[in-house]
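The block underneath contains the structure these notes are about, expressed in structure tokens.
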Amino acid sequence: MSSEAVRLTIQVVLSVTFILGVLWVMFRVRGEPVTDHPAAPLLAFASIWLGVSAIGLGIFLWFTTNPDPWVVTTVLAYAAAISTGTLSLWVYRNTPPEMTSEPIQMQKQQARIGIALGLTSVALWYTFILTHKPILTPTG
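In structure tokens, the structure reads:
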């Protein structure tokens with residue numbers, strides 16, 4: 034295994050570990066139960082549409098003749114979809130089920146779907162990169 038492959042593997046493992054650590058800390062922070070946060074509905078709604086746009090961009094990469102300028106946009110779109118969905122869920126992290134109204138349940142469902150769409154876009158993006166670029170070469 035080359036030194037660049039080892040370096041890349043270490044970077045990916047450290048990045049994933051950092052992200053999981055941040056998420057673990059986020060959901061362990063204590064606070065008052067929230068039942069009507071003003072930003073949560075917008076975040077859940079944005080998560081869905083960012084996820085749909087990320088999938089659209091991921092599919093667009095396969096059909097364009099020059100995909101390089103669109104790679105970064107796709108990465109930003111799926112990162113935004115996943116992060117807005119996660120933040121929407123984080124707002125309601127301490128809300129007990131008996132205090133959860135139907136709109137809050139729907140917002141949580143929207144956030145989960147937005148995260149799933151973002152993860153689907155991640156899979157599309159990685160599949161595109163792995164099938165169209167030689168390993169360990171620049172993508173942009």
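The working numbering numbers the first residue of the sequence shown as 34 and each following residue consecutively. Yeah, the Cβ is synthetic: ideal placement off N, Cα and C, and Gly gets one too.
With respect to the C-alpha of residue 108, the residue from 142, 55, 37, 83 having the closest C-alpha is 83. Contact annotation, residue 87 with residue 121: C-beta distance approximately 16 Å; criterion of less than 8 Å not satisfied.
When DSSP assignments are scanned along the segment 113-172, no uninterrupted stretch of beta strand (DSSP E) that is 3 or more residues long falls wholly within it.
Take the alpha-carbon of residue 39 and the one of residue 49: they are about 15 Å apart. Residue 38: member of the alpha helix (DSSP H) spanning 36-61, first to last residue. Proximity to residue 65 across 128, 51, 98 peaks at 128, based on C-alpha coordinates.
In the DSSP assignment, residue 72 falls outside any alpha helix (DSSP H), carrying neither H nor E.
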